[in-house]
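Going by the working numbering, the first residue of the sequence shown is number 214, and it counts up by one from there.
Here's the structure we're looking at; comments come further down.
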Amino acid sequence: MLRFLTRQPHPLPLIESVFLLGVVGWLDLITGYEATLVVFYAIPILFAVWLCGRNMPFVIAAAACLVWYWADVGNGHLYFSGALQAWEISIRCAFFFGIATAGVAVRDRQLAAASRMQLLEHSRQLEQQINEITEYEQQRIGRELHDGLSQYLAAISCATTSLKIDMQREGLVELTAAAAVIEGLLADSVNQARDLARSLAPVQGDEAGLATALQELAAAVRRRFGIDCTFRCTGQSGIGCNGKATHLYRIAQEAIDNAVIHGKARAVDVRLSANASAVSLSVSDDGIGFSKTTRNVNGIGMSVMRYRANMVDGEFEVEDRPTGGTVVSCTVPVEGSNS
Numbered sequence: 214m215l216r217f218l219t220r221q222p223h224p225l226p227l228i229e230s231v232f233l234l235g236v237v238g239w240l241d242l243i244t245g246y247e248a249t250l251v252v253f254y255a256i257p258i259l260f261a262v263w264l265c266g267r268n269m270p271f272v273i274a275a276a277a278c279l280v281w282y283w284a285d286v287g288n289g290h291l292y293f294s295g296a297l298q299a300w301e302i303s304i305r306c307a308f309f310f311g312i313a314t315a316g317v318a319v320r321d322r323q324l325a326a327a328s329r330m331q332l333l334e335h336s337r338q339l340e341q342q343i344n345e346i347t348e349y350e351q352q353r354i355g356r357e358l359h360d361g362l363s364q365y366l367a368a369i370s371c372a373t374t375s376l377k378i379d380m381q382r383e384g385l386v387e388l389t390a391a392a393a394v395i396e397g398l399l400a401d402s403v404n405q406a407r408d409l410a411r412s413l414a415p416v417q418g419d420e421a422g423l424a425t426a427l428q429e430l431a432a433a434v435r436r437r438f439g440i441d442c443t444f445r446c447t448g449q450s451g452i453g454c455n456g457k458a459t460h461l462y463r464i465a466q467e468a469i470d471n472a473v474i475h476g477k478a479r480a481v482d483v484r485l486s487a488n489a490s491a492v493s494l495s496v497s498d499d500g501i502g503f504s505k506t507t508r509n510v511n512g513i514g515m516s517v518m519r520y521r522a523n524m525v526d527g528e529f530e531v532e533d534r535p536t537g538g539t540v541v542s543c544t545v546p547v548e549g550s551n552s
């Protein structure tokens, strides 16, 4: 009903306000001045507040003063003095215009709040679009690195290996050693290019993309830092390669880096669990932990993780482990669930 009223053509709400005012005035007239209906005059005024803009409520309030006076005179209301009558009229007028002023103020406040909410929602959508474009560009660069530069480096490495074998057959010992060094450098370059490509586009477009990416992340952490980094997964994540999966991966990546670099952890456990309504990620470590009063809580890494969690409507928590270390967790609702 309210939606229908707010979508009416412009003149109709004003006509309806005047009609309501006429009905209240007629009821005031037939009931006599002994039973006052002055409170009911607020109905057409408030009706005009919500449907007729800023100025019309004051016009209806002025009309309410006239209608009330007409009903009062029509009832034959006699006053003991002109001063008392003037006082009654001023009180009624103040009441009607007070209702209009308060109603307009409340309406303006609600409209301002609604505008702020729309602006925030628009900013959030724009921010999400920028993030999606950024992720897309990262994935594109990652694919080009993997399918382009990595393949060229691998081909050069194969050619260098063949050249080394030919030199070895010819008995060119020094050149063979130099070729072996170049071969090793190229092999390292291929691995670095592939690691960089995986970091830019970590989550592949399948149902197990996030779990596979986290499994590879744990293996890369073991190679890079020489620590015990394990990964366990229960259930199907159901979020494939969309933005939620990428944000969860980045949260896990940042949490692991914080645990190893700042927390001095020697063991990190990454867990991914999922059901029909949500996907939960947790990263726990045995490091030195942190105090909730230190600036690490509001550092760049924590801010980035919280930001990513908010972008996917996730619940982000950071807690100290009773046995030492830190637990970083994020729970994200699955699209289409009722949670």
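Just so you know, even glycine gets a beta-carbon here, dropped at the ideal spot from N, CA and C.
Since this is a predicted model, take the numbers as computed values, not measurements.
For Leu494, the uninterrupted beta strand (DSSP E) run begins and ends at Ala491 to Asp498, by DSSP.
At a Cβ-Cβ threshold of 8 Å, Gly527 and Val545 count as neighbours. Taken through DSSP and simplified to helix, strand or coil, Phe253 comes out as helix. In this structure, Ala406 sits away from Ser370, with a CB-CB distance that is not shorter than 8 Å. Val403 is a Cβ neighbour of Leu366, given a cutoff of 8 Å. Residue pairing by DSSP puts Glu528 in a beta bridge opposite Thr544.
Ala391 and Thr373 have their alpha carbons spaced roughly 10 Å apart. Bounds of the beta strand (DSSP E) holding Phe444 are Asp441 to Thr447. Apart from sequence neighbours up to five positions away, the residues of its chain that approach Val517 with a beta-carbon distance below 7 Å are Glu467, ordered along the chain. For Ser328, no beta strand (DSSP E) run applies; the uninterrupted alpha helix (DSSP H) run containing it begins and ends at Gly295 to Glu357, by DSSP. Closest in alpha carbon position to Leu461, among Thr447, Ile501, Arg445 and Ala522, is Ala522. Residue state for Val481 is assigned as strand, using DSSP reduced to three classes. For Asn488, same chain residues with a beta-carbon under 7 Å away, outside a window of 5 residues either side, are Gly448 in chain order. DSSP, reduced to helix, strand and coil, places Thr536 outside both helices and strands of the structure shown, so it counts as coil. Between Ser497 and Arg534 the beta-carbon gap is near 6 Å, inside 8 Å, which marks them as a contact. With respect to the 8 Å criterion, Phe438 and Gln428 are not classified as neighbours on the basis of their beta carbons. A contact between stretches requires three or more CB pairs, one per stretch, nearer than 8 Å, and the region 258-266 meets this requirement with the region 229-238. Straight-line spacing of the CA atoms in Ala277 and Thr347 works out to 60 Å. Relative to the Cα of Leu423, the nearest Cα in the group Arg463, Ala393, Thr389 and Asp408 belongs to Arg463. A straight-line Cα-Cα distance of about 17 Å links Met515 and Lys477.
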